[in-house]
Amino acid sequence: PEHGLVLVPSADGTGTNLVASRPADLLHPEFGPGSLERHLEQVRRRALAAVIHECPGAALDVDTPDDLDRLRAAPRPNSATREFLQLARGEARATLGA
């Protein structure tokens with residue numbers, strides 16, 4: 013929106029992985045589980061224009077080893093992040109003698 017927000021939910025639908033705001037200080041940032049609902053409460057309370065945009069490329073948090081596995085398995089062959097993770101995994105195996 014010309015004056016408003018775009019919110020990108022986390023993969024589990026409870027967090028907010030990306031906030032685009034015009035102007036930049038329109039929203040007080042929230043973090044952690046439940047942040048999407050807290051952002052939407054601010055939107056309702058202040059009658060702001062907001063769009064929720066599903067964006068698979070921005071939906072995955074990398075907080076746990078399982079998240080890293082999901083990122084490695086994601087269908088994005090030219091991802092710099094994936095290339096780094098594959099390199100780091102190989103180096104870790106070489107270091108551990110695996």
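The working numbering applies: residue 13 is where the sequence shown begins, and numbers increase by one. Ideal placement from N, C-alpha and C gives every residue a C-beta, glycine not left out.
### Task
Give me the Cα-Cα distance between Leu-17 and Leu-60, rounded to the nearest whole angstrom.
8 Å
### Task
Taking Val-74 as part of the beta strand (DSSP E), name the residues at either end of that continuous run.
No beta strand (DSSP E) contains Val-74, which DSSP labels as neither H nor E.
### Query
For Gly-27, which of Gly-69, Pro-13, Arg-50 has the nearest alpha-carbon?
Arg-50
### Message
Quick check: the Cα distance between Arg-58 and Ala-100, rounded to an integer number of angstroms?
### Response
45 Å
### Task
Please report the Cβ distance between Leu-48 and Pro-21, rounded to the nearest whole angstrom; I am assuming they are in contact, meaning their Cβ atoms lie under 8 Å.
5 Å
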